[in-house]
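Written out below as structure tokens is the structure these notes cover.
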Amino acid sequence: MSTTPPNEKSHGIELPQPTAGPMICAFGLTLMAAGIVTNWIVAVAGFATFVAGAINWFRNANPDSLEMLATPAEEKPTPIVPRPGSVDHLVGDATHRARLPMEIHRYRDGMIGGAIGGVVMAIFAVVWGLISHGSLWYAVNLLAGTLLSGVTDMSMEELRAFHAEGLVVGIIIQLVMSIAVGLLYGVILPIIPRGTLLFAAVIVPLIWSGLTWATISVINPALGAHIEWLAFIASQVAFGITTGWWIIRCGKISTMQNWHYLDRFGFETQGKGGGS
Amino acid sequence: MTTAPAALAPPEALPQNGIVNGKIGIACMIISEIAFFGTLISAYVFYIGRDINGPYPQEVLDVSIAPLKVLFNSIFLLISSVWIWLAIRSMRKGRMGAFIFWWALTVLCGAEFLVGTGFEWYDMIVNDGVWMGTNLFGSGFYTLVGFHAFHVTMGLFVLTLILILTLLGHVTPKNVEKVDLVSWYWHFVDGIWVVVFFVVYVFGNMPIS
Amino acid sequence: MSVLQPPAGPDAAGPVPFLSRLHEWVTTVDHKKIGTMYIVCGIIYLIIAGLEATLMRWQLTWPGMDVLTPEEFNRLFTMHGTTMVFFVGMPILLGSANILIPLMIGARDLAFPRLNAFSFWLFFFGSLLLYFSYFGGQGLYGMGSAPDVGWFAYAPLTERTFSRGHSTDYWILGIFVAGIGSTATAANFIATILGMRCRGMTLMKMPLLVWIMLVDSVIILLALPPLAAAQILLLFDRLLGAHFFDAQAGGSALLWQNLFWFFGHPEVYILILPGFAFVTEIIPVFSRKVIFGYPLMVAATVAIGFISLGVWAHHMFVVGLSPMLNTIFMGSTMLVGVPTGIKMFNWVATMIGGRIRFDTPMLYATGFLCQFLLGGLTGIFLATVPFDWQVSDSYFVVGHFHFVLFGGLVFAILAAVFYWFPKVTGRMMNETLGKWQFWLLVIGFNITFGAMHVSGFLGMPRRVYTYHTDRGWDFWNLLTSLGVIVQILGFALFALNLVHSLFKGKKAGDDPWDAWTLEWSTTSPPPPHNFEEDPVVHSRRPLWDLKHPDDPDWKYE
Ligand code: HEM
Ligand SMILES: [Cu+2]
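Protein chains in written order, with our numbering: chain L, 1 to 276; chain D, 277 to 485; chain E, 486 to 1042.
Given below as structure tokens:
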């Protein structure tokens, strides 16, 4: 479009002149509003004020806006000094705008890891139930109490007995939760700066146990009433170790962030910078 | 691609004159006015048929005021949109005489509309005894139609001011862009009347079945 | 550039007399001065509304206290809410945007400088009108009293029958007048952003703050006029005997709720979006990384803008809308969580791997992230209809919105104050005081409003002026009130810091934070014309390009 130099080059920088018009207008308008709740004379005075302000404003803006020349500032901005070579790259050189993490775990590995961890945890819990209460089904029934309201009212005897629906529901809960948590593990582990296994095996199980402790009486009153915390935490740790170990064992893949678009879409082409 | 001075060449300038700003500003004002009227209109529509005592619109709007009369007034208002468009066109071409003619015609038509509204209100208040507090219809009618009339009045005031300034020779073809913005507002006032008319006199005035 | 003509005005040498200084401020059309006036007024009202809240907490510290009468209590919560939303939140945000938008897009001023002054004065006088009700609430002849109908002024409580005198009219008029100003400012911002960007700044090269303010202005434009219209209906009910909200004549109190919340919910987003904007500018600078997912941030902002216009009935779950409507609004409300969540993730992703500097602005921004997250989560709870039925109109709701507005917005504002104070005044704020203030506020805030969630769960309704001792609320209310004391200490430090830094603060220089947007390329404070030369930009971070010519941004955008 126009290539004419900005007009201040020719005759200084113009700024609109100060004016009281708008302020008087606003005051008039407010007085008019105030007239409604006080006395009509206030409103009339407000209207007069408003008109006075409006005239002032109008003459300021028409036919051409009244302008004044800006005083050139005494203080000039300090020139910006280039600092070549001062950029620290997150990863390598070519990937300056890299988004972290550069490498992630496959979602699939997270879910599989979660499932395996869930099985280990279940075995642990069942064995514990067998040892301390002499029943294979005790732990399963308690877990099923999350969804089955009847469990809350069961006696100790009933809890030790086999319930088909308890088994089905317990397995479903255990699987779904394990896979979901495993997926979260897979997503979160790559952004943990260090101590990944510690995070997976100890910290998360502890946080999870804390969360359970705070909410269990609402979510699963049956489990809340019978839970033994040390065993519970131990079973969580078993899950954490297994899942974390599996995910880390499976290794990472790099994200596609610095691939060429064609590569991302899976086209086989030559001459484009390919992925890693 | 290491150093690309071409890419550093100053990009195209964006338009930086006040007229574009003015257009955006007026457009924004119109949008906010639409939101305002939209609310009044929603309230009016919401209350259609909810009155528990008369007079109902069917009695007032149909019987005492020939619908034709309102239509007649409306046509005056709507057609003024054409006049103002012609006025701006003349001004663009530098024909100030034609501008004054069309502009004055716009003012006259707008004034006719207001006078018509005045008669209608007089009729309703005095002959039918409908006012704000009479019933929901009265509340809604006077609020909605009244606010529209208020906007017409404001518009007329500005139009007249410009007419006077033109006659005094203060407005020249180089002000056309500013004057054009006023015409946008006028078109808005006309356009919203179409909706108000439809809601109040047609939709809200259906025979009770 | 050659000097052509000395300016008209007071001689630069020697102290300027008070009156001409006052005259200069009153007649100014400079966006930076107007913005400063907005913010100063906002801070004054913050103190006032804070004192109102303190009085209420004093009354509620213990069951059966009688510090306040029930009537006084009603006035206080009405004025507190109204003031905080309209006369603290709005002016501080509009004021900040006033200062920052032209500087960030390389313009000399807003598109309509006089209109800008007009808007400010409307806000100023409008707020005075509301507070005048303390003296003139019954009309000039009777005793004064402030509005006492709550900040959302539900009908039919506001009808003439139940609200005698003029106090409710003052509520209507004060907000109405100020609202005209806000709407005009929104139009002004839109025209400025669309029409006055410097050369090279395409829409997708604007700083995100500017983008967010653009969307914010659009919401203002669409949401404030409906409030004005609704207020006019109410005013006609009260003054001219209309029947809009008068159930006995077929009118509908429910319509008021719909109209008010059609404004009210967008309003909360109008308030929080600038908070997002501040944080979005601050986090990258103090993480030394470019913002994560710029285009997605823009998209999320626009999405929030749209969705926020369609969720208002979540404030009305308990009035008995149809199950269908409840479900629809539950869905749309939860939908807002998605773009908001995207923003949270982008902020966190910006921090990850960054070389984070925890200077005060970043500290507050981080506080914002944590506390706003909690408030957003309780919001999702409330969006769930059955849950809302349990806790609506209880202190849980009060806890929710203070987590988003105080823990979120106020922390974002504090981050912004610490970040841009050097630009506006030329002096740094004191870091040590700032950090003390931060920790006092974090502790006090979480005690106060965390405890409110519990008392809400235990069934304590909001807006009660006292309670019985046998409800199990005593402890939690005591805690809430004790937290206030800690917060007051924090705010006292803030006031001290502001005043002290204004006169004695360390000189800031042009670019104290080593930042990247255009406002840091001019002097602090900027001259009236902002920039000597029209800036030209090539990327979203023009100053980065200048500082690192070997690795400029424009290669990647
Ligand atoms: C994830 C986003 C959010 C959701 C899902 C949400 C949901 C809700 C719901 C359902 C209510 C009504 C509660 C009731 O009265 O029963 C509510 C109240 C409220 N919310 Fe939010 N909210 C969200 C974010 C925000 C934000 C960002 C703000 C402000 C910055 C905010 C401010 C408020 C206010 C002020 C109220 C109370 C209004 C009153 O009754 O006085 N909310 N919120
Ligand atoms: Cu809401």
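Note that the Cβ used here is the ideal one computed from N, Cα and C, for glycine as well.
Chain-ordered residues of the segment 958 to 992 of chain E with a beta carbon less than 9 angstroms from chain D: none
What's the C-alpha gap between E/Gly621 and E/Leu709? Here residue 621 of chain E refers to the residue found at position 136 when the third sequence is read from its first residue. Here residue 709 of chain E refers to the residue found at position 224 when the third sequence is read from its first residue. Taking the straight line joining both Cα atoms gives about 26 angstroms.
Whole-angstrom distance between L/Ile219 and L/Val127, CA atom to CA atom: As a first step, residue 127 of chain L must be located in the first sequence, where it is residue number 127. As a first step, residue 219 of chain L must be located in the first sequence, where it is residue number 219. Going from the Cα of L/Val127 to the Cα of L/Ile219 covers about 24 angstroms.
At what residue ranges does the segment 807 to 835 of chain E contain a whole run of the beta strand (DSSP E), taking only runs of 3 or more? Counting only runs of 3 or more residues that sit fully inside the segment 807 to 835 of chain E, no beta strand (DSSP E) segment turns up.
Per-residue burial, E/Leu712 [other beta carbons within 10 Å of its own, 16 or more giving buried]: Residue numbering aside, residue 712 of chain E sits at position 227 when the third sequence is read from its first letter. Flag for E/Leu712 reads buried.
Distance between beta carbons of E/Val1022 and E/Gly591, contact taken as under 8 angstroms: Residue mapping note: residue 591 of chain E aligns to position 106 of the third sequence, counting from 1. Residue mapping note: residue 1022 of chain E aligns to position 537 of the third sequence, counting from 1. Rounded, the Cβ-Cβ distance is 7 angstroms, consistent with contact.
Identified DSSP bridge partners for L/Gly15: Mapped onto the first sequence, residue 15 of chain L falls at position 15. Looking at the sequence provided, one finds Leu at residue 15 of chain L rather than Gly. Looking at the DSSP assignment, L/Leu15 forms a beta bridge with L/Met68.
Going along the chain, which residues of the segment 596 to 626 of chain E sit with their C-beta nearer than 9 angstroms to a C-beta in chain D? Ala596, Phe597 and Leu600
Ranges of the beta strand (DSSP E) found wholly within the segment 175 to 202 of chain L, counting only runs of at least 3: none
What three-state label does DSSP hand L/Ile216 in the structure shown? Within the first sequence, the letter at position 216 stands for residue 216 of chain L. L/Ile216 falls in the helix class under three-state DSSP.
Below-8 angstroms beta-carbon distance, L/Pro63 vs any chain D residue: Position 63 of the first sequence, counted from the start, is the residue given in the question as residue 63 of chain L. So, interface residue.
Could you tell me the alpha carbon to alpha carbon distance between E/Asp654 and L/Ala33, rounded to whole angstroms? Along the third sequence, one-based indexing puts residue 654 of chain E at 169. Along the first sequence, one-based indexing puts residue 33 of chain L at 33. Distance between the alpha carbons of E/Asp654 and L/Ala33 is about 10 angstroms.
Among the residues of its own chain, which have a CB less than 7 angstroms from the CB of E/Ile757, if the five just before and after it don't count? The count along the third sequence starts at 1 and reaches residue 757 of chain E at position 272. Taken in chain order, the residues that qualify are Val889, Gly893 and Leu894.
Which two residues bound the contiguous alpha helix (DSSP H) that contains D/Ala374? Counting from one through the second sequence, the residue named residue 374 of chain D turns up at place 98. That run of the alpha helix (DSSP H) goes Met372 to Tyr398.
Just the Cα atoms here: how many angstroms apart are L/Ala20 and E/Val511? Residue numbering aside, residue 20 of chain L sits at position 20 when the first sequence is read from its first letter. Residue numbering aside, residue 511 of chain E sits at position 26 when the third sequence is read from its first letter. If I take the Cα positions, the gap works out to 7 angstroms.
When you compare each of E/Thr513, E/Ala788 and E/Ile533 to E/Pro973 by their alpha carbons, which one comes out closest? Taking the third sequence and counting its residues from 1, one reaches residue 973 of chain E at position 488. Rather than Pro, the amino acid found at residue 973 of chain E in this sequence is Ile. Answer by Cα proximity: E/Ile533.
Let me know the secondary structure DSSP gives E/Val634 once reduced to three states. Within the third sequence, the letter at position 149 stands for residue 634 of chain E. In the structure shown, E/Val634 sits in coil (DSSP, three-state: anything other than H, G, I, E or B).
Confirm the yes/no value for this check: CB of E/Val889, any heavy atom of ligand 2, distance under 7 angstroms. Here residue 889 of chain E refers to the residue found at position 404 when the third sequence is read from its first residue. Every heavy atom of ligand 2 is 7 angstroms or more from the Cβ of E/Val889, so no.
Would you say the beta carbon of E/Val796 is closer than 7 angstroms to some non-hydrogen atom of ligand 2? Numbered from 1 along the third sequence, position 311 holds the residue referred to as residue 796 of chain E. It does: the Cβ of E/Val796 is within 7 angstroms (strictly closer) of some heavy atom of ligand 2.
Which chain L residues sit within Cβ distance under 9 angstroms of D/His446? Position 170 of the second sequence holds residue 446 of chain D. Within chain L, the residues near D/His446 are Asn62 and Pro63.
Does the Cβ-Cβ distance between D/Phe389 and D/Phe433 come in under 8 angstroms? Sequence index remark: in the second sequence, residue 389 of chain D carries index 113 (1-based). Sequence index remark: in the second sequence, residue 433 of chain D carries index 157 (1-based). For D/Phe389 and D/Phe433, no; Cβs fall outside 8 angstroms.
How is D/Lys450 classed by DSSP in three states: helix, strand or coil? In the second sequence, the residue the question calls residue 450 of chain D occupies position 174. In the structure shown, D/Lys450 sits in a helix (DSSP, three-state: H, G or I).
Let me make sure I understand the geometry here. Which of E/Pro1012, E/Glu1042 and E/Lys1040 has the alpha-carbon closest to that of E/Arg593? What you label residue 593 of chain E is simply residue 108 of the third sequence in a count that begins at 1. Scanning E/Pro1012, E/Glu1042 and E/Lys1040 for the CA closest to the CA of E/Arg593 turns up E/Pro1012.
Proximity test, E/Ile865 beta-carbon vs ligand 1 heavy atom, cut-off 7 angstroms: Here residue 865 of chain E corresponds to residue number 380 of the third sequence, with the count starting at 1. Shortest gap from the CB of E/Ile865 to any heavy atom of ligand 1: under 7 angstroms.
Distance, Cα to Cα, E/Ser505 vs E/Ser1009? On the third sequence, position 20 is the one that residue 505 of chain E refers to. On the third sequence, position 524 is the one that residue 1009 of chain E refers to. Taking C-alpha positions only, E/Ser505 is separated from E/Ser1009 by approximately 23 angstroms.
Beta-carbon within less than 6 angstroms of D/Ser350's beta-carbon, same chain only, minus the 5 sequence neighbours each way: which residues are those? On the second sequence, position 74 is the one that residue 350 of chain D refers to. Excluding sequence neighbours, D/Ser350 sits near Phe473.
In whole angstroms, give me the CA-to-CA distance for E/Met569 and L/Ile173. Locating residue 569 of chain E in the third sequence gives position 84, counting from the first residue. Locating residue 173 of chain L in the first sequence gives position 173, counting from the first residue. Rounded to the nearest angstrom, the two C-alpha atoms are 47 angstroms apart.
Would you tell me roughly how many angstroms separate the C-alpha atoms of D/Leu362 and D/Ile307, rounded to the nearest one? As a position in the second sequence, residue 362 of chain D is number 86, starting the count at 1. As a position in the second sequence, residue 307 of chain D is number 31, starting the count at 1. C-alpha separation (whole angstroms): 24 angstroms.
Residues that DSSP places opposite E/Arg684 in a beta bridge: For the purposes of this step, residue 684 of chain E is taken as the residue at position 199 of the third sequence. DSSP output for E/Arg684 lists E/Val1021 as bridge partner(s).
Outcome for E/Gly957 when other beta-carbon atoms lying within 10 angstroms are tallied against a minimum of 16: The count along the third sequence starts at 1 and reaches residue 957 of chain E at position 472. By the 10 Å Cβ count, E/Gly957 comes out exposed.
Given that a residue counts as buried once 16 or more other Cβ atoms are within 10 Å of its Cβ, and exposed if not, what is E/His953? In the third sequence, counting from the first residue as 1, residue 953 of chain E sits at position 468. Exposed is the call here.
Please work out which residues of its chain come closer than 8 angstroms, Cβ to Cβ, to E/Phe763, disregarding the five sequence neighbours upstream and downstream, and give them in chain order. As a working mapping, residue 763 of chain E is identified with position 278 in the third sequence. Once the five neighbours on either side are set aside, the close Cβ partners of E/Phe763 are Ser581, Leu694, Ala850, Ala897, Ile898, Ala900, Ala901 and Tyr904.
Cβ closer than 7 angstroms: which chain D residues qualify as neighbours of E/Ile675? What you label residue 675 of chain E is simply residue 190 of the third sequence in a count that begins at 1. Per Cβ cutoff of 7 angstroms: Ile300 and Cys304.
Taking all protein chains shown into account, do 16 or more other C-beta atoms lie within 10 angstroms of the C-beta of E/Asp1030, making it buried, or fewer, making it exposed? Taking the third sequence and counting its residues from 1, one reaches residue 1030 of chain E at position 545. By the neighbour-count rule (16 or more Cβ atoms within 10 Å), E/Asp1030 is buried.
If D/Asn481 and D/Pro331 are in contact, beta carbons under 8 angstroms, what's the gap, nearest whole angstrom? Along the second sequence, one-based indexing puts residue 481 of chain D at 205. Along the second sequence, one-based indexing puts residue 331 of chain D at 55. Not quite, the Cβ-Cβ distance comes to about 12 angstroms (not below 8 angstroms), so this is no contact.
Nearest-angstrom Cα distance between L/Asn60 and L/Ile24? As a position in the first sequence, residue 60 of chain L is number 60, starting the count at 1. As a position in the first sequence, residue 24 of chain L is number 24, starting the count at 1. Roughly 13 angstroms between the two C-alpha positions.
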